[in-house]
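S.K.: Got a structure for you, written out below as structure tokens; questions coming shortly.
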Amino acid sequence: MFNINSLEQQDNQDKLWDKVINYFRKRSLWMLHYCTGCGAMELPPVMTSRWDMERFGIGPMATPRQADILLITGYSSVRTMKRIIRTYEQMPEPKWVLAFGSCTVNGGMYWDSYNVINNLGEYIPVDITIAGCMPRPEAILDSMLKLMDMIQAGEAKAFRKYKENYAYYKANQDRLFMERGPVLESAALRYVHEETEGGEA
Amino acid sequence: MVDKMLMMILIPLITAFLTTIILKQHKVVWTLFLAVSGYLSYTLFTMYGAWDLTWSIELGYKIFDSNLVLSLANNPLGWFFAFFASVTTMLIAMFSIAFNDDKHDSKTAPIWLILIFANIGIFFAQDWLMFFGMWEMMSMSSYFMIAHGKEIPAKAAKFYLSLSLVGTSTLLLGIISVARLSQTFDINASIDSLINLFATDYNKAILYIGLFAVTFFIKSAVFPFYMWPSKAYAESPDDFTPFLSTVMSKYGIYGIVLFILPILQNADIPALGQINEPAYILAVLGAITSVLGTILAIFETDMKKLFAYSSVANIGYIVMGLSTLSIIGIQGALFHSINHMVIKSAIFLSLAAVIYRTGEREMHKLGGLAYRMPLTFMVYLLGIISAAGIPPLNGFASKWLIIQALMSQNMLFVVIAMIFASTGAFMYLFRVLASVFLGQLPDKYKHIKEAPLLMAIPMTIIMLLMLAIGVLPGIIMKPVNAVLIGMGYDVQEASWTTVHSAFSNSDLNVTNIFYIFMAGAAIALVFYLFSAKSVKVTQDDNYTAGELPSDWGTTPERFNFSYGFYQPFKEMFNPMMDLISFDRWMAAFGKIVERISNGLSVLYTKSEGAILMLYIGVAILIIGGWII
Amino acid sequence: MNSSLFLIIIPLMGAFIALFAKKANRLMAIVITLFMEIFSIIIYLSGKLPVSVEIGGWQPPYGINFVLTPLSVGFIILINLAAIISLFIIRGEKSYQFYSTYLVLLAASNGIVLTGDIFNFYIFSELTAFGITALIAYPKDRKSTGAAIKYLILASTAAAFLLIGIGIVYKTLGTLNIADIASKISLLDPLTLELIIILMLTGIFVELELFPFNMWVPKAYLGGTASVNVMLHGMLGTAGAYTITRILLTMFTVDGSGLLVNVNIANSVIVIALLTILVSEIAAFNEKKIKKVLAFSSMGQMGLIIFGFMIGNEQAIVGAFYLVVANFVAKTILFVLTGEFIAMSGSGNWEDMKGIGRKHPVAGLAFVIGSLSLMGVPFFAGFWGKLGLIQGAINGSAFMVVGIVIVLITAIIEGIYFLKIAHTLFLEKDSDREYLSKARVHSIVIAAILALAIIAIGVKPGLIESNINSATDEILNSTSNYIDIVFPRR
Amino acid sequence: MNRITVETLLQDLASRGLNGEKISEQQIKVFASKDNFVNHLHYLQTIGFEHLANINGVDYIAENEFEVVYQVYSYEHKIHIVFKVRIPREKPVILTVVTLWEQAQFYEQEVHEFYGIYFEGNKDLSHLFLENWNDLPPLRKDFNTEEFSEKLFGSKRHGGGK
Amino acid sequence: MMTVFNIILYSLFAILVGLIFLGIGRKVAARVHLRYGPPFYQSIIDVIKLMSRESITHNFVMDLGMVMALTGLIGTMLYIPIAGHIAFESNTNIIVIMYLMAIGHLGMAMAVSASGNPYANIGVSRALTMMLGYEVPFFTVMLGLIIYNQSSSVMVINLAQAGSIWNWNIWQMPIGFIAAEMALQAMMGEKPFDAMIAPAEIASGPMVELSGRYLGLGFLTKAVGVFVETALIVNFFFGGGTSVITFVIKQLEVFLIAVIFDNIFPRYKIEQAVKFLWIFPMGLAVIQLILLAI
């Protein structure tokens, strides 16, 4: 019995069997939409009769356990990031991540906002990022086809990057979620009200 | 050669007496109990075929101008029930040695031994007085067994007691009225006399059969008296419940087969379609019992109560099988009563092991025990597979026989009820599996161990028994045929593997199904092994839309969905449930009797009424003189 | 056979001596009762039994005579047995009044059974009434004195009715001898006969604890101590059962058919008996005090016995006799044990007696056996009585079927409350309650012996089959052979 | 209650010492002082303005003042009042209105979290949206979001993402 | 040896045909939505992809349950005559088939509820309630068949319909056929009765925790299940067919009827579904019984 997903074996296994499997993986991709921002509206047209994503065997799935691709369709604030990471970790191997639009990639118009992350790639490995302040369905379909070619060629190995340098990703994640001191010096200007009866944070 | 029958009666009594004295050392007491039941099973095994073995005692009480003689005789029907009952008791005895350690000891071994003595007596009684004596002894000792010296069980047992007392008095009335007909207490003689009575006075005969039927229905919890098992089974000691639900519910069935069937078979009764009228009533009662038992079981949250109702439903199947009066039907019914013994003891033993380890009876408080108690889980799983009547195991063949018989007798609506009940059975059987053994394991039970060795042995034996009977039904079908020949049916030799049906070329080779099942398993395994490996994940790593359950403070118990498991289904039946609820009527009746009794005893406390009552008495005498 | 007079004289003399012997009262009473018991057994086995003893040589219609038949001597044995048991279980030293009244009571109850003269029967029943009132009132607290007074009133009114009845009989028939009355009874015109029967029956029924007449029973049993209860039930109850056979079934029956001269009265007596059973069992169902439960249950049993005798055919009377014996033994066990249990648990309610069965397993077991026999469970003595009763009733008229149904229903009710009590004995003791004292060994021993007796009779009724059959033959055509015994020459 | 128009309301408020301005037929603006604004709000509540739509803060860093704006609306009179209260920026303390409207609790919690205005009498002013935040309340003008985002999320001007 | 070869041939045939049916079903559904839809062999690709993916398991019960599910359904399939010939020579009994199908449900339900996810348990409780709903009418129809042909063996029922198209059972028992059709809709878990796999409400119900190879096994179970159920209907009402091809085509027709209904109807709540199943199909079946019994 072969075990295709343990890390060591995968690299030296580019035999014919791998190609055949990649064909099947390419032809049947199941998506899990993580609809955070406004990107979610772009997906229905892709799936319905106008562009019909299902021709390529791509279909929506309800749970991370069954999904191959994780679509993050908008800006993600700190709290949303926590859910994204948990869902990503619940997905079995081989899994791919598609980031939609500029907000996900470099924070987009919220680049200087205090709670929107600016670069998704620092927290989870992203395979394909689609440009556009919400890419049109054609762009999405094109990215899907691009992903399929990458899978066929065996280059879509971002999920292994997450395993290999997990420490790096973990460090970034902890910086967001773990208890941390004030980031700017201006924190000192905080007004601390000495309540006549008791102190207040 | 020492008289086997006498020994079979004396040994339980002597050991009962012995155990009362040394009740303190529970280990010794329960090993003695196992020894007795082992001895009984062995002797019974050797008695197969020796149908001439009898034992009688002359009581010197003059009745019907001859001295009263009570006798026991070894007959195929009695032997059939007695042997399988004692085998089940032996297995349960092995279980209760481990179960009754110092924390759980219910000190009821002596009473149970008396119950076994009565059990043997009932199955081998040749005349009605011996039957009645043993029947009364059985109901009294079962009352004390269920109550076993605790407050709440006493209340539940009181309800059982009042019903069984009603049963015994109708039995007594029936016995005396039938004995008067045939001027002797002998059972076979009374059957013949009742058959000719059918010719002369139909209504009187129906009344006499009704009296007997009431007793048997109460003891086997058929339709009008289906409420007491849920109270009695739940409260009785956990290692006694398997005996109560498997062996004791068969007394009524034995009674029906012994007395009512031969009469309905031979007496010329106006037929309704292919079967005669009383048999049809029996079928309808059986159908209602099984449907009602199933529905009530689905809504139950206490697992022992749930399986009490499940036993009621199974009794319904057996009664339906008997009511067809055809060879196939009776074969199915007898086969199912033995299957029910094996299945229910497996299920109740595994539940007792769960209660022994966790001390909890409510299903929604348990969960995920399969991971801590794998053997108990396997026994329970095989138990519910055969209880649901799924082919490779033994529950299927008997249900198949009963359905075939019902169909061949064209009793269509009874078949539909049977199918509704057996599919419904699947619902509540799975509910217990899901809420007790699967799902999240609460923190309380993280460290419970598997059932002790002495419990594990009987459970595994029963599991293998289920498989063996499932694959080779001949084990049970051969004795069943002996019984049928004993009852005068001409039935062809039972083969080891095939089960015969009334329809054209639809006989069933059960072992074949086992092979098919194995083939299917082989192919499925191939698919399973040829796919990628799987990674083991902890119990709380579930898809919860990205949320961490611990963030929101959900403990494993609250994370289990098992309380309102069939809530939508229950809401459909609620209006009907409130309308007819026998329990409320019975409780109300009990209240009325208590209020009257208080009123009367108050009447006695007041002193001034005394003389007035005296004159009322005189008045009664005077008026009596004129009128009556 | 003149020595049979001793059965009455010795207890009376003992009663007189008891006034003076301070310490030895108890010993003397025991010796006398033991002598009574042995003497009556000797008479029973002497073999020349059906004999009528004329006192002072006077011929029967003029003098008083004692009638010694297997039936009457059998009852005497039972009465004295109850007397011995009640003496043994006396709790605490009793002063002389207790023993003297007890001896008077013993003499009187022996007298009731032996005497062949109706007036003599009236005197002895008066004596028993006074004896029992004194004994019930002995504890001198409010409850027992109230009970005694209530019983006294009822007993005296009953005695008055009896006396008037006897007066009328004497005036119309000119004789007081039972056998003589029995032979001449048919000459009376029906109206006076009916009047006599009603008067006599009212007198007897009070003592027999039948429904409208038994208002005194619960309070009497509650008031008296355990030993007095045994006396009340053992001696009076058995004597009462005997009077039924003598007065009802001998004097007022037409030969052979065993029914009352006037059939209507027989039916109303059956109605009263059934009423008693029904009322007493239902009243006992939800009763908290154990003594009252037993009182109601003994009423029910008496109703059953009388119902048995009234049915009249041979099977029913055998059943009734079995019931008399079984009820006598079972009730004695229960009274003996309740005495102990009340002393142990300190309160009269059976709910507070948890765990006594676990402390004294033998006592608990005896209690269970006693209650099972009362319920009529097979392999216990009571069952043969119930079987005979139903067997006899089913052959009787359709009206009897109602009786059977009532008997069965009451058996169910009795079963429920008796087993409920029996089970509370075996419940785990609540931790806070402590037992006041240990049960006394000898009363447990008595209870155990009697329990064994019940099982023996239950498993092998043949043991007492012969004596019961002889008693039933005597009852069946009672008038003719009673008269032959008393007037052999005629 | 008969319906009151914007004009009568303004006169009514003026008589109580509150100067108000009419914005439109259904909307007026009212300025109140820090000390007695709660009584006025209570009066408004009694005459029909039972719906408190929102409480939000405004940071006038130039005038070194915070402004707390209460949006109050009456279904009956169909009039929407913008009730403004000014408080000094150094000691941003104001009385709570939880006693008048319960839902004010969450609005005040939010305003406190994002402006640092302390509502006296509000029992629970803990964080509502931001997680483990120890910096200056973010919506204050003197909070430099760009620098914060640079430091925490490592963003580059014109998106020089990795 | 022949039977082993027979079994492998039959099961592969059933799985392939089942998967292709599912593919065609998705194609038809797409056509209803006016779009092209995936190739007909899409399901086969999905299954192979799932089999090759890594999967997560909570405990041994999941593995046992999924294998048991497939075992049960393959066992049932081996028991049904396909176009006249049968893998095992023993006669085929309707009641056996009814009970064998229960193994599939039990295995799936057990595996899924072992995952401990509340969604899964809700899905299973709905599935079992639904099973009670459709099992009773379906069996009543079969009861009618058994009484009509006086034999409970499928082969006999097939032979009875051999001749021309006109003596197919669909013409003898039209009402029974409609009832069976409704029950079939619920049995296959198609739209009006798919409360148990409601993706929107309980995240694909029982399948919520199944990944990789378990989902693959689940797909195979569904495929064989579709094959078995359609085969039953064809055997009972469409004369069982002489050659394998006509048999498969008839099966496809039956399946497509269900798929089209699937795309038209919204979803019933579970108690509405059971009420519907107990009133309409059950009523029709009982009427059919009465007609037959007379």
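Chains as they are written, first to last, in my numbering: chain X, 4 to 204; chain P, 6 to 633; chain C, 943 to 1432; chain Z, 113 to 274; chain F, 160 to 453. The beta carbon of each residue, even a glycine, is placed where N, CA and C say it ideally should be.
Can the beta-carbon of Ser202(F) be found less than 9 Å from the beta-carbon of Leu178(F)?
M.R.: It is a contact, given that the beta carbons lie within the stated cut-off.
S.K.: Distance, Cα to Cα, Gln93(X) vs Asp236(Z)?
M.R.: The straight-line gap from Cα to Cα measures roughly 36 Å.
S.K.: What first and last residue would you give for the alpha helix (DSSP H) that runs through Trp117(P)?
M.R.: Looking at the DSSP string, the run of the alpha helix (DSSP H) that includes Trp117(P) is 114 to 129.
S.K.: Kindly examine the ligand SAH and report whether one of its heavy atoms sits closer than 8 Å to the Cβ of Met347(F).
M.R.: Inclusion of the ligand SAH in the displayed structure is not the case, the ligand content being empty and no account of it being possible.
S.K.: Name the DSSP bridge partner or partners of Pro63(X)?
M.R.: Answer by DSSP bridge pairing, in chain order: Met34(X).
S.K.: For Asp171(Z), which beta-bridge partners are listed by DSSP?
M.R.: Asp171(Z) is bridged to Phe178(Z).
S.K.: Within its chain, find whatever has a CB closer than 7 Å to the CB of Thr1274(C); leave out the 5 residues flanking it on each side and keep chain order.
M.R.: Excluding sequence neighbours, Thr1274(C) sits near Ala1024, Ile1027, Val1172, Gly1176, Leu1392.
S.K.: With a CB to CB cut of under 8 Å and the five nearest residues on each side skipped, what residues in its chain are close to Lys1085(C)?
M.R.: Cβ within range, chain order: Lys1161, Leu1164, Gly1165.
S.K.: Indicate the three-state DSSP secondary structure (helix, strand or coil) for Ala1076(C) in the structure shown.
M.R.: Residue state, collapsed to three classes: helix.
S.K.: Does any CB atom of chain X fall closer than 9 Å to the CB of Lys263(Z)?
M.R.: It does; some Cβ of chain X falls within 9 Å.
S.K.: So what's Phe435(P) in DSSP terms, helix, strand or just coil?
M.R.: Correct three-state label for Phe435(P): helix.
S.K.: From which residue to which residue does the alpha helix (DSSP H) around Gly321(P) run?
M.R.: Gly321(P) -> alpha helix (DSSP H) spans 308 to 328.
S.K.: Note down the Cα distance separating Leu77(P) from Glu1407(C), rounded to an integer number of angstroms.
M.R.: Cα to Cα, the separation comes out at about 23 Å.
S.K.: Could you give the C-beta distance for Leu356(P) and Leu448(F), rounded to a whole number, given that I count them as a contact under 8 Å?
M.R.: That belief does not hold up - the Cβ atoms of Leu356(P) and Leu448(F) are roughly 39 Å apart, past 8 Å.
S.K.: If the criterion is Cβ atoms closer than 9 Å, does the pair Asp247(Z) and Phe241(Z) meet it?
M.R.: Taking 9 Å as the Cβ cut-off, Asp247(Z) and Phe241(Z) do not qualify as a contacting pair.
S.K.: Rounded to whole angstroms, what is the Cα-Cα separation between Glu1282(C) and Ile1386(C)?
M.R.: Roughly 9 Å between the two C-alpha positions.
S.K.: Grouping DSSP H, G and I as helix and E and B as strand, with all else coil, what is Asn271(P)?
M.R.: Helix, per DSSP.
S.K.: Would you say Gly303(F) and Gly399(F) are within 9 Å of each other, going by their C-beta atoms?
M.R.: Result no, Cβ atoms of Gly303(F) and Gly399(F) do not sit closer than 9 Å.
S.K.: With 8 Å as the limit, tell me which residues of the segment 113 to 141 of chain X have their beta carbon closer than that to any beta carbon of chain Z; keep them in chain order.
M.R.: Correct list: Trp114, Asp115, Ser116, Tyr117, Asn118, Val119, Ile120, Asn121, Asn122, Gly124, Glu125.
S.K.: Report the residues of the segment 89 to 110 of chain X with a CB closer than 8 Å to any CB of chain P, ordered along the chain.
M.R.: Here the close residues are Arg89, Thr90, Gln93, Pro95.
S.K.: Since I believe Met151(X) is in contact with Lys29(X) (beta carbons under 8 Å), could you give me their beta-carbon distance rounded to a whole number of angstroms?
M.R.: Right, their Cβ atoms sit about 4 Å apart.
S.K.: Excluding the five sequence neighbours on either side, which residues of its own chain have a C-beta within less than 6 Å of the C-beta of Phe962(C), listed in chain order?
M.R.: Correct list: empty, nothing qualifies.
S.K.: Could you check what DSSP says for Ile1355(C) in three-state terms: helix, strand or coil?
M.R.: Helix at Ile1355(C).
S.K.: Which two residues bound the contiguous alpha helix (DSSP H) that contains Trp590(P)?
M.R.: Here the alpha helix (DSSP H) through Trp590(P) covers 587 to 610.
S.K.: By the 10 Å Cβ neighbour count, where 16 or more other Cβ atoms means buried, how is Met142(P) classified, buried or exposed?
M.R.: Buried, by the Cβ-count rule.
S.K.: Against chain F, does Glu203(X) count as a neighbour if the rule is that its beta carbon must be under 9 Å from one of theirs?
M.R.: Residue placement at Glu203(X) is flagged as unreliable, the pLDDT there being 44, under the threshold of 50; the coordinate-derived value follows with that caveat. So no, Glu203(X) is outside the interface.
S.K.: How many angstroms separate the CA atom of Phe1249(C) from the CA atom of Ser331(P)?
M.R.: In a straight line, the C-alpha of Phe1249(C) is about 47 Å away from that of Ser331(P).
S.K.: Does Ile215(F) have its Cβ less than 9 Å from a Cβ in chain P?
M.R.: Ile215(F) counts as touching chain P.
S.K.: Would a C-beta distance cut-off of 9 Å place Met460(P) and Phe221(P) closer than the cut-off?
M.R.: No; because the gap between Cβ atoms is not below 9 Å, this pair is not in contact.
S.K.: Give a yes or no on whether the minimum CB-CB distance between Thr66(X) and chain F is below 9 Å.
M.R.: Cβ-Cβ to chain F under 9 Å: yes for Thr66(X).
S.K.: Smallest Cα separation from Val197(Z): which of Asn244(Z), Ile229(Z), Lys253(Z)?
M.R.: When only C-alpha atoms are compared, the closest one is Ile229(Z).
S.K.: Classify Val118(Z) as helix, strand or coil using the three-state DSSP reduction.
M.R.: Val118(Z) falls in the helix class under three-state DSSP.
S.K.: Please list the terminal residues of the continuous beta strand (DSSP E) segment that includes Pro200(Z).
M.R.: 191 to 200 is the extent of the beta strand (DSSP E) around Pro200(Z).
S.K.: Could you check whether Glu213(F) and Pro95(X) sit closer than 9 Å to each other, using their CB atoms as the reference points?
M.R.: Yes, the Cβ-Cβ distance between Pro95(X) and Glu213(F) is below 9 Å.
S.K.: Between Arg171(Z) and chain X, is any beta-carbon pair separated by less than 9 Å?
M.R.: Just to set this straight, residue 171(Z) is Asp in the shown sequence, not Arg. False, the Cβ-Cβ gap to chain X never drops below 9 Å.
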